[in-house]
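Contents: one structure, followed by commentary.
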Amino acid sequence: MRYLPRANHRIRAKRVKVIDDKGQVLGEFHIKEAVRMAREKKLDLVEVAPNARPPVCKILDFGKYVYEKKRQERAARKRQHRTVARGMRMSLRISEHDYQVKLAKIKEFLEDGDRVKVTIRLRGREMLHADLGFKVLDKVISDLDNISKIESPAKREHNFLHVTLLPDKKRS
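In the numbering used here, the protein residues as written are 13 to 184.
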């Protein structure tokens, strides 16, 4: 939790809208009256919507409220998946078996939700035959078109050929 909500005497507003512990709206009260009502129930008055006019406060157990909020945030962080940029290097003269192994690894990365940058390094005379490298990249793209989409098309930078693939959520 980034910040703790204001509770009881820390609430700055003079008048607040009060919601009781059952979720019923009680109405608008002076802050001292609202805190007294919360104390009678042996609970706290917690500011749940400070930007509203008047601010909305709820009668509840402050410790329990903070604990639940932290649990919700932790659960939300667990559900998040950070996409990682994975790289896969290939050669212009890659054998069929090596190609299939690397293709299987790329599929695994895409199924995990990661983006994959496929790179082919051109060496020496290979730079004269970049079209063969583009054919290898086109083969990768066509073999993976059912589970991926192209983020950036195949392009050449100096002696490298690149293509970036994203997992396609709709197809997989």
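All C-beta atoms in this analysis are idealised placements derived from N, C-alpha and C, irrespective of residue type, glycine included.
In three-state terms, what does DSSP make of residue i?
i	result
D150	helix
K129	strand
H170	coil
L115	helix
D155	helix
R105	coil
L177	strand
Below 8 Å on the Cβ atoms is my contact criterion, and I expect residue i with residue j to pass it. Report the Cβ-Cβ distance as a whole number of Å.
i	j	result
I132	V148	6 Å
I118	M100	5 Å
V128	R98	5 Å
A46	L57	5 Å
I146	L115	As written in the sequence, residue 146 is Phe, which differs from the Ile given in the question. With 8 Å as the limit, F146 and L115 do not qualify as a contact, their Cβ atoms being about 17 Å apart.
S160	L144	Not really, about 22 Å apart at Cβ, beyond 8 Å.
Apart from the five residues just before and just after residue i, which ones in its own chain have a Cβ nearer than 6 Å to its Cβ?
i	result
S103	none
V152	V130
Would you report the Cα separation of residue i and residue j, rounded to the nearest angstrom?
i	j	result
Q36	V30	9 Å
E85	V68	22 Å
S107	K181	30 Å
G125	T176	13 Å
R135	E123	32 Å
L156	A88	31 Å
K82	R14	10 Å
N158	V78	45 Å
A19	R94	35 Å
K90	V96	16 Å
E163	P62	42 Å
Keeping to the same chain, check which residues put their C-beta closer than 8 Å to that of residue i; ignore five residues upstream and five downstream.
i	result
V60	P17, I31, V68, C69 and K70
E40	R27, V28, K29, V30 and P66
H21	V47
P165	V175
Suppose the cutoff is 7 Å on Cβ atoms and the five residues either side in sequence are ignored; what does the same chain contact list for residue i look like?
i	result
M139	N171
R51	none
D73	L55 and D56
A142	L134, R168 and L173
D33	K53, L55, I71 and L72
Could you tell me which whole beta strand (DSSP E) segments of length 3 or greater appear in the segment 17 to 97? Along the segment 17 to 97, the beta strand (DSSP E) occurs as fully enclosed runs of 3 or more residues at 27 to 31, 37 to 42, 56 to 61 and 68 to 72, listed in sequence order.
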